[in-house]
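Only one structure is covered here, and it is reproduced in the block below.
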Amino acid sequence: MTQNKAITFDIKRKIPNTLARSGTISTPHGDIQTPAYIGAATAATMKTLTNAEINALGAQSILSNTYHLMLRPGADLLEKAGGIHKFMNYDKPMYTDSGGFQVFSLGMAYKKGLDATSHTTKGSSENAVMSAEQLTKVNKEGVWFKSHLNGDKIFMTPEYSMELQHQIAADIHMAFDELTSPLSGREQIKSALDTTHAWAERSLRRHVALNAEHTEKGDKLQALFGVVQGAREEDFRRESAGFLGGLTLEDGEQFDGFGIGGTFQPEELPDVLTWINETLPENKPRHLLGMGAQPADLFLGVEFGCDTFDCVAPTRQARNGAIFTYDGRINITNKKFEDDFTPIDADCDCYTCQNHTKSYVRHLFKANEVTGMVLASIHNERFVVKTVEDIRQKLNDSDSAFWAYKRDFLVRYYGKERAQDFLYTSPEAFH
55 MTQNKAITFD IKRKIPNTLA RSGTISTPHG DIQTPAYIGA ATAATMKTLT
105 NAEINALGAQ SILSNTYHLM LRPGADLLEK AGGIHKFMNY DKPMYTDSGG
155 FQVFSLGMAY KKGLDATSHT TKGSSENAVM SAEQLTKVNK EGVWFKSHLN
205 GDKIFMTPEY SMELQHQIAA DIHMAFDELT SPLSGREQIK SALDTTHAWA
255 ERSLRRHVAL NAEHTEKGDK LQALFGVVQG AREEDFRRES AGFLGGLTLE
305 DGEQFDGFGI GGTFQPEELP DVLTWINETL PENKPRHLLG MGAQPADLFL
355 GVEFGCDTFD CVAPTRQARN GAIFTYDGRI NITNKKFEDD FTPIDADCDC
405 YTCQNHTKSY VRHLFKANEV TGMVLASIHN ERFVVKTVED IRQKLNDSDS
455 AFWAYKRDFL VRYYGKERAQ DFLYTSPEAF H
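Whatever position you read off the sequence shown (first residue = 1), add 54 for our numbering.
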């Protein structure tokens with residue numbers, strides 16, 4: 055790692071005629087072999103899991119959220135503790151999200167839900183409007199948040215987001231952005247995009263100044279990713295990737311990498327990621343924000359040029375009894391598992407599958423025992439981490455190994471007919 059860089063990124067291998075690549079992100083707290091799944095630790099923990107369990111499931115890195123941490127326990131406390139690594143006693147690389155997603159989830163989507171405001175198959179453009187109930191108000195300077203905990207009003211600016219993230223002191227931060235619904239009209243999407251770009255430059259300037267202070271104190275440098283927005287519009291996505299990829303301050307400082315923001319259905323990923331990743335600089339890492347709710351997301355993200363991903367869905371679904379298996383997702387509370395004394399998945403190497411049965415895990419859910427959520431979360435997280443590990447290994451082995459693994463995994467998980475929706479650049483797999 056060079057002395058004046060918080061992170062470096064080295065590309066190891068590419069698959070011809072795709073955007074897929076493997077590599078290494080080097081950070082002050084260690085390396086991340088990519089592609090990699092980054093565990094979602096919103097409030098400085100992956101819900102129901104201890105650090106020992108996080109490490110055992112193979113996660114290389116986790117991501118926390120600035121908005122939630124500023125409310126509780128507070129950035130001042132985290133700084134006093136010596137940063138988030140020391141506070142939670144975690145010694146691997148960490149990311150923080152800026153709080154930009156909360157502009158949308160506590161704003162336009164508040165009390166409507168993300169599906170109702172984001173997905174053409176589940177929502178309506180009539181829902182993609184501001185409301186009197188929402189907890190955010192956006193202007194060109196920043197965002198007024200009303201705390202969902204106690205109603206306190208907070209004004210978040212790009213500069214304040216950077217200051218909070220530097221107090222939290224993860225290795226990689228995200229620039230503050232405005233996310234709007236893909237169901238919104240082009241005029242509203244363009245307005246949010248222009249705001250995102252203006253905030254990106256302000257975020258970068260404040261970040262550089264804060265890193266200069268770290269240098270003077272002898273502290274570790276921190277990295278900043280610009281966040282690409284633009285909904286489902288090709289011209290806006292390419293404009294955003296071009297602007298952020300080329301943004302250079304007077305002293306030559308640029309973003310260290312890029313986050314890809316938005317809300318997606320799997321079938322949208324190939325086009326949107328192609329527009330973005332064809333445009334972004336090739337030599338910097340790309341993080342797909344909030345993506346990994348189902349296995350197809352992971353394969354498509356890799357194939358179309360993303361290096362890392364995060365998502366709260368694996369543990370959230372686990373806590374509700376929805377569990378991934380190589381033969382598809384199951385609901386462990388179903389009656390048919392009452393006397394099923396086999397593991398959740400015989401091919402899984404996680405603690406849960408090595409030590410417990412479907413019957414036992416179902417019993418814990420039916421008895422409202424928190425251990426059921428713990429065991430289900432361990433399994434789901436290991437399933438996703440292991441899937442991306444295997445994708446990376448096959449990508450490094452050969453082109454044919456990657457395509458064969460993708461085909462075999464998706465056919466087994468979704469069935470042959472549904473899997474065809476996710477093959478895209480390798481349709482010959484079914485002939």
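Even glycine gets a Cβ: it sits at the ideal position worked out from N, Cα and C. These figures come from a predicted structure and were not determined experimentally.
Same chain, Cβ closer than 8 angstroms to residue i, five either side skipped, listed in chain order
i      : result
Arg373 : Lys101, Thr102, Met427, Ala430 and Ser431
Pro212 : Gly196, Ala229, Phe230, Trp253, Ala254, Arg256, Ser257 and Arg260
Phe353 : Ile445, Lys460, Phe463, Leu464 and Phe476
Ala170 : Ala163, Lys176, Gly177, Ser178 and Asn181
Ala123 : First, the residue type needs correcting, since residue 123 is Leu and not Ala in the sequence shown. Cβ neighbours of Leu123 beyond the five flanking positions: Ala97, Ala98, Ala129, Leu132, Ile138, Thr150, Leu218 and Ile222.
Glu443 : Gly112
Lys207 : Trp198, Phe199, Lys200 and Ser201
Asn385 : Gly375, Ala376 and Ile377
Candidates the options, of which the one nearest residue i by Cα
i      : options                           : result
Lys134 : Lys176, Thr211, Leu218 and Cys365 : Leu218
Gln156 : Ala129, Gln114 and Phe209         : Phe209
Asn109 : Met124, Ala97, Gly93 and Leu123   : Gly93
Asn204 : Asn193, Leu189, Asp364 and Trp329 : Leu189
Ala95  : Leu168, Asp364 and Tyr214         : Asp364
Asp151 : His433, His417 and Val366         : Val366
Leu299 : Gly280, Met124 and Lys200         : The sequence shown places Gly at residue 299, rather than the Leu named in the question. Comparing Cα positions, the closest option is Gly280.
Gly112 : Glu267, Leu323, Asp403 and Glu336 : Asp403
Phe290 : Leu168, Leu275, Lys440 and Ala246 : Ala246
Arg292 : Thr317, Asp325, Thr441 and Ala376 : Asp325
Ala285 : Tyr214, Thr250 and Thr234         : Thr234
Phe395 : Val415, Thr379, Gly153 and Phe378 : Val415
Met345 : Asp451, Gly84 and Phe318          : Phe318
His251 : Gly154, Asp305 and Gly272         : Gly154
Asp273 : Leu125, Pro82 and Lys390          : Pro82
Ile65  : Glu336, His417, Tyr380 and Lys271 : Glu336
Thr369 : His410, Ser413, Glu322 and Val424 : Val424
Gln474 : Thr411, Pro320 and Asn143         : Pro320
Leu237 : Met184, Leu343, Thr249 and Asn105 : Met184
Spatial neighbours of residue i in its chain, beta-carbon cut-off 6 angstroms, leaving aside the 5 residues before and after
i      : result
His261 : Met216 and Leu278
Val356 : Ala74, Pro89 and Ile445
Leu400 : One point to set straight first is that residue 400 is Ala, not Leu, in the sequence displayed. If we look at Ala400 and ignore the five residues flanking it on each side, it has no Cβ neighbours.
Ala455 : Lys448
Tyr467 : Pro349 and Gly382
Ala295 : Val282, Ile330, Thr333 and Leu334
Asn265 : Leu275
Gln308 : Thr302
Arg436 : Leu111 and Cys404
Gln114 : Ile86 and Ala90
Met55  : Unreliable positioning characterises Met55 in this predicted model, as indicated by a pLDDT of 35, which lies under 50. The coordinate reading is nonetheless provided below. Cβ neighbours of Met55 beyond the five flanking positions: Thr62 and Ser80.
Proximal residues to residue i (C-beta, below 7 angstroms), its chain only, five neighbours per side dropped
i      : result
Arg340 : Gly311, Phe312, Ile314, Asn331, Leu334, Gly359, Cys360 and Asp361
Glu255 : Leu301
Ala483 : Here Ala483 scores only 43 on pLDDT, less than 50, and its place in the model is too uncertain to base an answer on.
Lys420 : Thr387
Gln371 : Asn434
Val244 : This sequence places Lys at residue 244; Val is not what is there. So the qualifying residues of the chain are Phe290.
Phe297 : His251
Range covered by the alpha helix (DSSP H) that runs through residue i
i      : result
Met162 : Element bounds for Met162: n/a, residue is neither H nor E.
Lys460 : Asp453 to Tyr468
Ile386 : Looking at the DSSP string, Ile386 is not in any alpha helix (DSSP H), and its letter there is neither H nor E.
Phe395 : No alpha helix (DSSP H) holds Phe395; DSSP gives it neither H nor E.
Thr406 : Tyr405 to Asn409
Lys420 : Lys412 to Lys420
Phe353 : Pro349 to Glu357
Ser179 : Counting along the chain, Ser179 falls outside any alpha helix (DSSP H), and DSSP gives it neither H nor E.
Met216 : Pro212 to Ile222
Limits of the unbroken beta strand (DSSP E) element including residue i
i      : result
Ser80  : Arg75 to Thr81
Ile92  : Ala90 to Ala94
His173 : Counting along the chain, His173 falls outside any beta strand (DSSP E), and DSSP gives it neither H nor E.
Asp364 : Thr362 to Cys365
His341 : Arg340 to Leu342
Asp381 : Taken as a continuous stretch (DSSP letters only), Asp381 belongs to no beta strand (DSSP E), as it is neither H nor E.
Phe63  : Thr62 to Lys68
Chain B within 8 angstroms of residue i, Cβ atoms only
i      : result
Leu160 : The structure shown contains no chain B, having only a single protein chain.
- Query: What are the uninterrupted segments assigned as alpha helix (DSSP H) that are 4 or more residues long and contained completely in the region 225-264, given in chain order?
  - Reply: none
- Query: What residue ranges within the region 274-330 form continuous beta strand (DSSP E) runs of no fewer than 3 residues, ordered along the chain?
  - Reply: 277-282 and 311-314
- Quick one: any contact between the region 138-154 and the region 226-239, if contact means 3 or more CB pairs under 8 angstroms? yes
- Along the chain, which unbroken stretches of the beta strand (DSSP E) at least 3 residues long are found entirely within the region 111-158? 116-119 and 148-151
- At 3 residues or longer, and completely inside the region 181-210: list those beta strand (DSSP E) runs for me, N to C. 190-192, 197-200 and 207-210
- Message: So, does the region 118-127 touch the region 174-192, judging by three or more C-beta pairs under 8 angstroms?
- Response: no
- Report yes or no: do three or more beta-carbon pairs, one from the region 66-81 and one from the region 432-442, lie closer than 8 angstroms? no
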